[in-house]
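Colleague: Numbered by this note's numbering, the letters in the sequence shown go through residues 1 to 876 in order.
Input: one structure, supplied below.
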Amino acid sequence: MHGGNIWAAAKRIGCSPQEILDFSASINPLGPPEWVGQMMAENLWQIAHYPDPHNLELKQSAASFYGVSPEEIVVGNGASEILSVVPRLFPVRQAVIPVPSYVEYERIADIYGLGIKYIYLKEENDFQLDLQELEQSLKEPALVFLGQPNNPTGQTIPAQKLASLAQNHPQSFFVVDEAFADFAPSISRMFLFSLPNVVTIISLTKFFALPGLRVGLAIARKPLARKIENFLPPWSVNFLAQKIAAGALNDQNFVRQTHKTLPEFKEKFISDLKELPELTIFPGQANFILVKLNKKNLASTYLAEKLLPQKILIRTCTNFKGLGSKFFRLAIKTPEQNQALVKSLKSILSDLSSSHALIFPTSNLPNFPTSQRIRHQKRKAKAIMVQGTSSNAGKSILAAALGRIFLQDGFKVAPFKAQNMSLNSFVTREGLEMGRAQVVQAQACRLDPDVRMNPVLLKPNSETGSQIIVMGKPVGNMNVNEYIRFKPKAFRAAQDAFDQLASEFEIIILEGAGSPAEINLKSHDIVNMCMARYAEAKVLLVGDIDRGGIFASFVGTLALLDKWEQDLICGLVINKFRGQKDLLKHALDFCSLSTGKPFLGIVPYIDRLGLPEEDSVSFKDKLSLSRQGRTKCADKVVIGVVDLPHISNFNDIDPLYLEPDSEVIILKSATDIKQMDALILPGSKNVFADLKFLQDKGFVQAILDFTLDEKKELVGICGGFQMLGTKIKDPHKIESDKAEIPGLNLLPIITVLSPEKTLSQVQGVWYENKIPIKGYEIHHGKSHPLANLNPVIVSNEQKPLGYGLKNRSIWGTYVHGIFDSDAFRRFWLDKVRAQKGLSPLKHIQSHYDLEPALERLADIVRQNLDLDKIYSLLGA
C-alpha cells in the first residue's frame with residue numbers, strides 16, 4: 001500500500017479526484033513551481049521526438065545543485081526505478097532493513113531472492129537507529145537499505161558515523177534513500193562522502209511536487225553510476241520530466257521559499273495536533289509527521305474510514321513492519337489544509353467512545369481523502385465564485401444572474417468581491433463607499449448594498465496609483481508598491497467581511513477580478529484564488545467567446561495556474577456566444593480533455609440587456625448606444641458625454657439610453673461637440689489630469705464655443721461640476737503636486753479639495769419647479785460660489801446640491817444618479833427639446849428599473865447553465 005492513491009479514494013466515495021485533500025503523499029504543498037505549466041506548453045512540440053537518452057541537461061543541473069560531477073549522476077523514471085535495479089550490482093545474498101521503513105525495500109529484496117534481516121526501531125527510543133546493532137548485522141556482506149530521513153518516522157542517522165560504518169565494511173553496500181532529504185537542509189548528504197560502496201537515491205518529484213512526471217536520481221562514484229545506468233532501460237525519462245526537473249533544480253527562489261515556509265507550517269501543525277490528547281506525535285525531520293493513536297481499541301484504519309466521507313486521505317501505517325494498526329502518517333500541507341484536518345480529527349476523536357472504537361480489518365484499506373474545504377465555526381454559507389479568463393469576460397453579470405437564480409430558488413444569497421478596482425462607485429445608506437457592480441448584484445439578490453459585499457475598493461487616480469477604500473472609508477492614496485505592502489491588511493478586512501456575510505446567508509457568490517493567471521500579481525493576490533481558497537468556493541471560469549481565442553484562453557489560464565489553483569476550478573463557462581452551439585462540440589471536447597475541466601454552460605450574447613456596464617472598458621468601447629431597441633422618435637436630442645481618461649460613475653448616464661427621444665454619444669473627439677444639443681462633463685477621479693487632457697486635446701475651446709449658443713445645455717456632474725468653475729485648489733496635494741489650476745470659468749465657483757471625503761445619500765428637488773431628485777455624493781472637494789449664484793438643486797434640508805446660471809443652460813451638481821429619477825429625466829429632456837425648438841413629450845416615456853433586466857438575465861442564464869451540476873457542487 002502506497003500513499004497518494006486519490007483515484008481509488010475518489011472512485012470509492014463518488015467524487016472527483018481533484019476534491020481529495022491528500023495527506024497520504026508527502027509532496028511539497030508549495031509546488032509545483034509556477035512556471036511548470038508554461039514550460040510544458042512551450043516544449044510540447046518535442047512530443048514528436050525521442051527524449052535525450054543521456055539526460056545531459058538534467059544531469060548538468062543536478063550536478064550544479066548538489067555540488068557533484070555530472071558523471072556521478074544517474075537519472076531514472078522516479079527513484080523507485082533506480083532502487084529496483086540496484087541489487088543487480090552487488091554480489092551479496094542478504095539485505096539488512098531497519099524497520100519501519102519504506103515498503104519497497106522489502107519488495108525489491110524479495111524479487112532478487114535476498115534473505116532479509118530486520119532491525120526493529122524502538123518506539124521508546126523515538127525510532128532512532130542503533131548503529132551498533134546495524135554493525136552487528138554486517139558480519140556477512142549485505143545490501144543495507146536506509147532512509148535518510150526514514151520513511152515513515154522522519155528520523156535521521158548522523159552522516160559521519162554512517163560514512164565510517166560504510167568505510168569499515170567495504171564488502172557491504174549501502175543504499176541511502178534521501179527522497180525527503182531536500183526538505184531538511186541541515187542534514188549532511190551521504191553523496192558528499194563519495195564512498196565506493198554507497199549509492200544515494202534522490203526523489204526530485206517530492207520536493208518540487210512533480211510526482212506525476214516521475215523523475216529521480218542516484219548519485220554514486222562514476223564507475224558505480226555507469227553500472228546502474230547500464231541496467232536502466234533507454235529513454236525511460238520523458239522529455240517533459242527532463243526539462244522540468246532541470247528547470248526546478250535551477251529555481252533557487254522556490255528552494256529558498258520552501259526552506260523558509262515549510263518549517264513554519266510544520267511547527268504550527270504539530271502544535272495543533274499536540275492539543276489532541278488522543279494522539280502522540282513523532283515529528284522527525286521530513287515533511288511528514290508520524291502519529292500514534294492513544295485511544296484503546298482504536299485503529300488508524302477506522303480513523304481513515306471516518307475521514308473518508310469528508311474527502312480526507314491519510315496514510316495508515318498497517319503495512320509498515322514494526323508499527324501496526326495504531327499509527328498513521330500525515331504530510332505537511334498548507335496551514336488552511338492542516339487546520340481542516342485537525343478540526344476533523346478533533347471532531348471524530350471527541351465523538352468516539354471505547355465501545356464504538358473497534359479495530360477494523362487492515363487488509364485492502366487504502367489511505368483516504370481530505371477535502372480542501374476549510375470549515376470556520378461561524379460560517380454556514382456555501383460559496384461559489386465566478387472568475388474570468390480576462391477583464392470584462394462577464395463575471396459581474398453572471399454573478400448577478402446566479403444571485404437572482406438562487407434567490408428565485410428560495411435561498412438567502414449575497415454577493416461578494418474582496419477587491420474591486422473601479423471608478424464606478426456608490427454610497428450606501430450608512431454613508432460608505434463600494435463598487436457599483438456589487439450594488440447591482442445586491443439588487444439581484446434583493447438586498448440593500450452593504451460594504452461587506454465589497455470590502456476593498458481601489459479607485460485609480462494616476463497611471464500607477466489609486467485611492468484605497470477599506471470597508472467603505474478611504475485609507476489613503478497608494479502607489480503600486482505601497483499597496484502591495486498594505487495588501488495583508490486589506491486581505492484580513494476582506495476575510496472578516498466574508499466571514500460575517502457567510503454567517504448570515506446560505507450562499508455567497510464571489511466575483512474574481514481580471515484573470516487569476518496574471519503571474520505578475522499572483523504572489524500577492526487577495527481577490528481570486530487566495531480568496532476562493534479562504535472561502536472554500538467552487539470556482540467557475542468564464543470566457544468571452546465574442547472576443548475570440550476563448551479556447552486558448554481557457555487552456556492557457558489553466559496552464560499558468562498552480563496545482564492547488566487548478567483544483568479549485570470546477571467547470572468552464574462560455575459567455576456571449578452567437579451562433580449554433582453544436583458546432584462547438586469538437587472544441588469543447590478538446591478543451592475539456594486538455595484542461596480536465598467540464599463545460600457547465602454556454603451563455604448566449606444578450607443584446608440590449610439594460611444593466612449597468614461592469615467597468616469603463618465597455619463604456620469606452622461605445623460611440624453610440626441604444627440599449628433597449630425601442631422605437632426612436634424622429635425628433636430627438638443628441639447628448640454628448642466627454643470621454644475623460646479618469647471618468648468615474650459613468651453609469652450616471654445609463655438611464656438616458658432608455659429614452660425614445662435621446663441619442664447618447666461618447667465623445668472621443670472635440671470636433672464632434674458642436675453637433676450636440678446637450679453636453680455632459682461626467683465625474684472624474686483626477687480633475688487636475690482630466691482638465692489638462694481637455695486642454696491638450698482641444699476640448700476646452702470646443703466646450704467654450706458650445707456655450708456661446710444659449711440654446712445648448714451644458715451639465716457638469718461631480719468632477720465635471722468642479723471643472724465648470726473658475727479654479728480648483730488642492731492644498732493637500734490629493735490629486736496633484738500643483739496648488740491650484742484654472743477651471744473652464746463657466747460658473748463663478750471655486751473648489752477646494754480636502755482630505756475629508758463627502759459620502760452621503762441625498763434627496764432634494766430641482767429648485768425651479770420642485771421636481772424630486774435623489775442620488776448620492778462622493779467627492780473630496782467643497783465648491784463655494786463667488787457671487788449670488790442660483791442653486792439649481794437643493795436638498796430636503798435646503799442645502800445647495802448644485803449651481804447654475806440664471807438661464808440654467810449651464811449648471812452642475814455633485815449628485816450622482818440624478819437621471820435615475822424618471823420624472824426629472826423627462827423634465828430635463830423636455831427642457832433640452834424646448835431649447836432645440838421641439839415640442840416637449842411631457843409624460844414619462846420610460847422607467848429606469850433594473851428588475852425586468854435582472855429577471856430576463858436570470859431566465860436566459862438558467863436555460864443555458866447546468867444548474868443541477870452547480871447545485872451538486874454546492875451540496876445544495
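In this text, a Cβ means the ideal position worked out from N, Cα and C, and glycines have one as well.
In this text, all values refer to a predicted model and were calculated from it rather than measured experimentally.
#1: From this set, Phe145, Phe193, Val815, which residue's C-alpha is nearest glutamine 763's C-alpha?
#2: If you draw a straight line from the alpha carbon of alanine 858 to that of leucine 423, how long is it in whole angstroms?
#3: For leucine 829, name the three-state secondary structure that DSSP assigns.
#4: Could you give the residue range of the beta strand (DSSP E) that holds tyrosine 803?
#5: Rounded to whole angstroms, what's the CA-CA distance from histidine 780 to isoleucine 519? Just pull it up for me.
#6: Starting from the Cα of isoleucine 397, find the closest Cα among Ala853, Ile741, Gln863 and give me that residue.
#7: My parser needs the beta strand (DSSP E) runs of 3 or more residues fully inside the segment 449-527; what are they?
#8: I'd like to check one pair, asparagine 796 with isoleucine 602: are the Cβ atoms closer than 8 Å?
#9: Quick check on valine 617: buried or exposed, where buried means 16 or more other Cβ atoms within 10 Å of its Cβ?
#10: Considering only residues of the same chain and omitting the five flanking positions on each side of glutamate 57, which have a CB-CB separation below 7 Å?
#11: Are the CB atoms of leucine 121 and proline 100 within a distance shorter than 8 Å?
#12: Can you check the segment 298-343 for any beta strand (DSSP E) of at least 3 residues that lies completely inside it and give the ranges in chain order?
#13: Could you check whether isoleucine 773 and isoleucine 717 sit closer than 8 Å to each other, using their CB atoms as the reference points?
#14: Straight-line CA distance for lysine 473 to glycine 775?
#15: Let me confirm a value: isoleucine 201 is counted as buried when at least 16 other C-beta atoms fall within 10 Å, else exposed. Which label applies?
#16: Measuring alpha carbon to alpha carbon, tell me which of Pro152, Pro33, Lys382, Thr301 ends up nearest alanine 535.
#17: Can you look up leucine 873 in the DSSP assignment and give me helix, strand or coil?
#18: Is it the case that the Cβ atoms of histidine 259 and proline 185 are separated by a distance below 8 Å?
#19: Would valine 92 and phenylalanine 174 qualify as a contact pair, given that the criterion is a beta-carbon distance under 8 Å?
#20: Considering threonine 726, what are the terminal residues of the alpha helix (DSSP H) in which it resides?
#21: In its own chain, which residues sit with a C-beta less than 6 Å from the C-beta of proline 29, not counting the 5 before and 5 after it?
#22: When burial is assigned at 16 or more other CB atoms within 10 Å of the CB, is glutamine 722 buried or exposed?
#23: Quick check on the DSSP output: the beta strand (DSSP E) that includes lysine 382 runs from which residue to which?
#24: Can you tell which of Lys139, Gln500, Pro612, Ala181 has its C-alpha closest to the C-alpha of glutamate 851?
#25: Within 10 angstroms of its Cβ, does lysine 139 collect 16 or more other Cβ (buried), or is it exposed?
#26: Would you say proline 309 reaches chain D, if we count a Cβ-Cβ gap shorter than 8 Å as a contact?
#27: Please go through the same chain and pick out, in chain order, the residues whose beta-carbon is closer than 6 Å to the beta-carbon of phenylalanine 127, but skip the five residues on each side of it.
#28: What is the C-beta distance between leucine 165 and leucine 134, in whole angstroms, given that I count them as a contact (C-beta under 8 Å)?
#29: For the alpha helix (DSSP H) containing methionine 531, name the first residue and the last one.
#30: Tell me whether tyrosine 118 sits in a helix, a strand or coil according to DSSP, three-state version.
#31: Glycine 683 bridges to which residues according to DSSP?
#32: Only counting the same chain, and skipping five residues up and downstream in sequence, which positions put a Cβ closer than 7 Å to that of cysteine 15?
#33: With DSSP as the reference, label asparagine 420 as helix, strand or coil.
#34: For glutamate 918 and phenylalanine 505, what's the separation of their Cα atoms in angstroms?
#35: Report back the beta-carbon spacing between leucine 759 and glycine 812 to the nearest angstrom; my notes put them in contact at under 8 Å.
#36: Aspartate 177 lies in the beta strand (DSSP E); which residues open and close that run?
Modeller: By the coordinates alone:
#1: In the sequence shown, residue 763 corresponds to position 763, counting from 1. Closest option to glutamine 763, Cα to Cα, is Val815.
#2: Here residue 858 refers to the residue found at position 858 when the sequence shown is read from its first residue. Here residue 423 refers to the residue found at position 423 when the sequence shown is read from its first residue. It is roughly 27 Å from the alpha-carbon of alanine 858 to the alpha-carbon of leucine 423.
#3: The residue labelled residue 829 in the question sits at position 829 within the sequence shown. Here leucine 829 sits in helix by DSSP.
#4: Reading the sequence shown from its first residue, position 803 is the one you call residue 803. Segment 800-804, the beta strand (DSSP E) holding tyrosine 803.
#5: Position 780 of the sequence shown, counted from the start, is the residue given in the question as residue 780. Position 519 of the sequence shown, counted from the start, is the residue given in the question as residue 519. A direct Cα-Cα distance of roughly 35 Å separates histidine 780 from isoleucine 519.
#6: Counting from 1 along the sequence shown, the entry for residue 397 is found at position 397. Comparing alpha carbon positions, the residue from Ala853, Ile741, Gln863 closest to isoleucine 397 is Ala853.
#7: As far as the segment 449-527 is concerned, its whole beta strand (DSSP E) runs of at least 3 residues are 456-460, 465-470, 473-479, 507-511.
#8: The count along the sequence shown starts at 1 and reaches residue 602 at position 602. The count along the sequence shown starts at 1 and reaches residue 796 at position 796. Going by C-beta atoms, isoleucine 602 is not nearer than 8 Å to asparagine 796.
#9: Counting from 1 along the sequence shown, the entry for residue 617 is found at position 617. Residue confidence is low: valine 617 scores 47 on pLDDT, short of 50, so the model does not pin down where it sits. No coordinate-derived value is stated.
#10: To locate residue 57, count along the sequence shown from 1; it is residue 57. These residues qualify, in order along the chain: Gln242, Ala246.
#11: Translated into positions along the sequence shown, residue 100 becomes position 100. Translated into positions along the sequence shown, residue 121 becomes position 121. Yes, these two residues count as a Cβ contact at 8 Å.
#12: Taken in chain order, the complete beta strand (DSSP E) segments of 3 residues or longer contained in the segment 298-343 are 311-313, 327-331.
#13: The residue given as residue 717 occupies position 717 in the sequence shown. The residue given as residue 773 occupies position 773 in the sequence shown. Taking 8 Å as the Cβ cut-off, isoleucine 717 and isoleucine 773 do not qualify as a contacting pair.
#14: Locating residue 473 in the sequence shown gives position 473, where the first residue counts as 1. Locating residue 775 in the sequence shown gives position 775, where the first residue counts as 1. Their Cα atoms are separated by approximately 19 Å.
#15: Here residue 201 refers to the residue found at position 201 of the sequence shown. Classification of isoleucine 201: buried, given that the 10 Å Cβ count is 16 or more.
#16: Reading the sequence shown from its first residue, position 535 is the one you call residue 535. Of the candidates Pro152, Pro33, Lys382, Thr301, the one whose C-alpha sits nearest the C-alpha of alanine 535 is Lys382.
#17: By one-based count along the sequence shown, residue 873 stands at place 873. In the structure shown, leucine 873 adopts helical secondary structure according to DSSP, grouped into three states.
#18: Walking along the sequence shown from the start, residue 259 turns up at place 259. Walking along the sequence shown from the start, residue 185 turns up at place 185. Yes. Within cutoff.
#19: Residue numbering aside, residue 92 sits at position 92 when the sequence shown is read from its first letter. Residue numbering aside, residue 174 sits at position 174 when the sequence shown is read from its first letter. The beta carbons of valine 92 and phenylalanine 174 sit no closer together than 8 Å.
#20: If you number the sequence shown from 1, residue 726 lands on position 726. Here threonine 726 belongs to no alpha helix (DSSP H), and DSSP marks it neither H nor E.
#21: In the sequence shown, counting from the first residue as 1, residue 29 sits at position 29. Non-local beta-carbon contacts of proline 29 in its own chain, meaning distances under 6 Å to residues more than five positions away in sequence, involve Lys333, Thr334 in chain order.
#22: Position 722 of the sequence shown holds residue 722. Here glutamine 722 is buried, its C-beta having at least 16 other C-beta atoms within 10 Å.
#23: Taking the sequence shown and counting its residues from 1, one reaches residue 382 at position 382. Unbroken beta strand (DSSP E) run through lysine 382: 382-388.
#24: Reading the sequence shown from its first residue, position 851 is the one you call residue 851. When each option's Cα is compared against that of glutamate 851, the closest is Pro612.
#25: Locating residue 139 in the sequence shown gives position 139, where the first residue counts as 1. Per the 10 Å Cβ criterion, exposed.
#26: Any reference to chain D falls outside this structure, which holds one protein chain only.
#27: As a position in the sequence shown, residue 127 is number 127, starting the count at 1. Only Leu121, Thr153, Gln155 meet the Cβ criterion.
#28: Residue numbering aside, residue 165 sits at position 165 when the sequence shown is read from its first letter. Residue numbering aside, residue 134 sits at position 134 when the sequence shown is read from its first letter. Correct: roughly 7 Å between the Cβ atoms.
#29: The residue labelled residue 531 in the question sits at position 531 within the sequence shown. Annotation: the continuous alpha helix (DSSP H) that includes methionine 531 extends over 529-535.
#30: Locating residue 118 in the sequence shown gives position 118, counting from the first residue. Correct three-state label for tyrosine 118: strand.
#31: Start at 1 with the first residue of the sequence shown, and residue 683 comes out as number 683. Residue pairing for glycine 683: DSSP places it in a beta bridge opposite Ser648.
#32: In the sequence shown, residue 15 corresponds to position 15, counting from 1. Lys311, listed in sequence order.
#33: As a first step, residue 420 must be located in the sequence shown, where it is residue number 420. Three-state result, asparagine 420: strand.
#34: The structure shown does not extend to residue 918, since the chain is modelled only from 1 through 876, so no value can be given for it.
#35: Locating residue 759 in the sequence shown gives position 759, counting from the first residue. Locating residue 812 in the sequence shown gives position 812, counting from the first residue. Rounded, the Cβ-Cβ distance is 19 Å, inconsistent with contact.
#36: Residue 177 sits at position 177 when you count from the first residue of the sequence shown. Aspartate 177: member of the beta strand (DSSP E) spanning 173-177, first to last residue.
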